[in-house]
Amino acid sequence: MGSRSSNRSDLERRALEIIINSREKGILQSELWRDLNASSREGSRISIKLEKKGLIKRRRELANGRWTYRLFTDRMPPRIDSIFDSPCVRCDDFYRCGYGGAVSPNKCVKLMRWILKN
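Just so you know, we're using the working numbering here: the sequence shown kicks off at 20 and counts up by one.
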């Protein structure tokens with residue numbers, strides 16, 4: 020049973036990765052289980068489990084005359100342009116900064132203002 024459980028969690032991780040990589044467009048549940056090389060039953064179980072964990076959202080959709088679900092996630096991978104205007108990028112103390120040090124991100128006023136602004 021341990022191997023089956025490990026295999027199932029591996030499928031869940033792969034499924035979540037595929038869904039995240041589909042970005043805002045999402046992916047049809049039927050496409051997901053094909054990409055995973057899984058049965059429709061297993062694909063459905065994985066989708067429902069990820070939804071119950073709060074990792075994805077499912078929206079019912081008619082595709083090719085059949086009802087299926089489009090799968091989305093709010094957890095998008097960070098984009099590099101999201102940190103270009105971070106104060107850390109141009110900070111004079113960048114190389115001295117670290118948790119527990121004299122200069123620390125958890126005590127930085129500039130960083131806190133930037134986070135609250137964004």
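Even for Gly, the Cβ is constructed at its ideal location relative to N, Cα and C.
Closest Cα partner of residue i within the set the options
i	options	result
residue 38	79, 89 and 28	89
residue 72	80, 83, 55 and 35	35
residue 112	92, 102 and 128	128
residue 102	133, 75 and 81	133
residue 82	26, 41, 130 and 50	50
residue 79	33, 29 and 47	47
Separation of residue j from residue i, as counted between CA atoms
i	j	result
residue 13	residue 120	Since the first residue of the chain shown is 20 and the last is 137, residue 13 is not available in this structure.
residue 99	residue 45	21 Å
residue 124	residue 117	7 Å
Status (buried if at least 16 other CB within 10 Å, exposed otherwise) for residue i
i	result
residue 86	exposed
residue 62	buried
residue 135	exposed
residue 91	buried
residue 66	buried
For residue j and residue i, believed in contact at Cβ under 8 Å, the rounded distance
i	j	result
residue 115	residue 122	5 Å
residue 31	residue 68	6 Å
residue 94	residue 74	7 Å
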